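**Q**
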Amino acid sequence: MLLCRVDGNAIATVHHPSLRGWRQLICQPLDVEGFDIGKPILVADSLGAGLHDRVLVTSDGKSIRERVGSPLTPLRYMSIAILDIESQEKGHAA
Amino acid sequence: MKMGKIIGRVTMSKVDASFVGARFLVAVPAGPEDAPDYAPLTPLPLGSSFVVYDNLGATVGDLIGYTDGGEAAAPFVEDTPCDAYNAAILDRCNYQPPRS
Numbered sequence: 041m042l043l044c045r046v047d048g049n050a051i052a053t054v055h056h057p058s059l060r061g062w063r064q065l066i067c068q069p070l071d072v073e074g075f076d077i078g079k080p081i082l083v084a085d086s087l088g089a090g091l092h093d094r095v096l097v098t099s100d101g102k103s104i105r106e107r108v109g110s111p112l113t114p115l116r117y118m119s120i121a122i123l124d125i126e127s128q129e130k131g132h133a134a
Numbered sequence: 055m056k057m058g059k060i061i062g063r064v065t066m067s068k069v070d071a072s073f074v075g076a077r078f079l080v081a082v083p084a085g086p087e088d089a090p091d092y093a094p095l096t097p098l099p100l101g102s103s104f105v106v107y108d109n110l111g112a113t114v115g116d117l118i119g120y121t122d123g124g125e126a127a128a129p130f131v132e133d134t135p136c137d138a139y140n141a142a143i144l145d146r147c148n149y150q151p152p153r154s
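Protein chains in written order, with this note's numbering: chain W, 41 to 134; chain F, 55 to 154.
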């Protein structure tokens, strides 16, 4: 799973039918300390994550196909949790 | 999905049987900063282009959301050797990273 920060959203009127109704958030993957790592990715979101929220993103295709309800969906990333409290003792990740 | 920008087309004379009549575009990985209304086109990293399967009708200059890896072959009913699939043409990106 990826720890990401929501940096915005993308709007696409022309898309694969299975993406219908799914918000696409632009999320920036973060490393353990919370710094940006890699390029932003598009994450399907049904939790209503707001701007600059930290979300937990899964890239497991099988569970996404079940959630979307279509075995043909090309979706790859989906938000599964919005992180509230950031607690990090020395040596242990959030 | 990941974000990519279409920079060209590819026409193939010989393709795998499951790809007959398919449409292939050349894209490079892009970020939301490359969105048309967001910022001028940032210089494209050389050597990072890839070919993406498209049946949404994307054209050169479009910002797309593509999926790579195993999920790219999911939309095909029969087994297809596809590892980059254009899943969405992005019209607009609201991209506001925190100013830290």
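Here a beta-carbon is modelled for each residue, glycine too, at the ideal position from N, C-alpha and C.
Computed from a predicted structure; not experimentally measured.
Establish whether the CB of P80/W and some CB of chain F are separated by less than 8 Å.
**A** Yes, P80/W counts as interfacial toward chain F.
**Q** Going by DSSP in three states, A126/F sits in which element: helix, strand or coil?
**A** Here A126/F sits in helix by DSSP.
**Q** Looking only at its own chain, which residues have a Cβ that is under 8 Å from the Cβ of H92/W, when we skip the five neighbours before and after it?
**A** The answer, listed in chain order, is R45, V46, D47.
**Q** Say whether chain W places a C-beta atom closer than 8 Å to the C-beta of D70/F.
**A** No, its Cβ sits nowhere closer than 8 Å to a Cβ of chain W.
**Q** So with Cβ pairs under 8 Å, would you call V54/W a contact of chain F?
**A** Cβ-Cβ to chain F under 8 Å: yes for V54/W.
**Q** Taking just the CA atoms, how far does M57/F sit from K68/F?
**A** Each residue's Cα considered, the two are about 28 Å apart.
**Q** With a CB to CB cut of under 8 Å and the five nearest residues on each side skipped, what residues in its chain are close to N109/F?
**A** Here the set comprises A76, R77, N140.
**Q** Quick check on DSSP: helix, strand or coil for D91/F?
**A** Unreliable placement is indicated for D91/F, whose pLDDT of 48 sits below 50; the coordinate value is still reported in the next sentence. Residue state, collapsed to three classes: coil.
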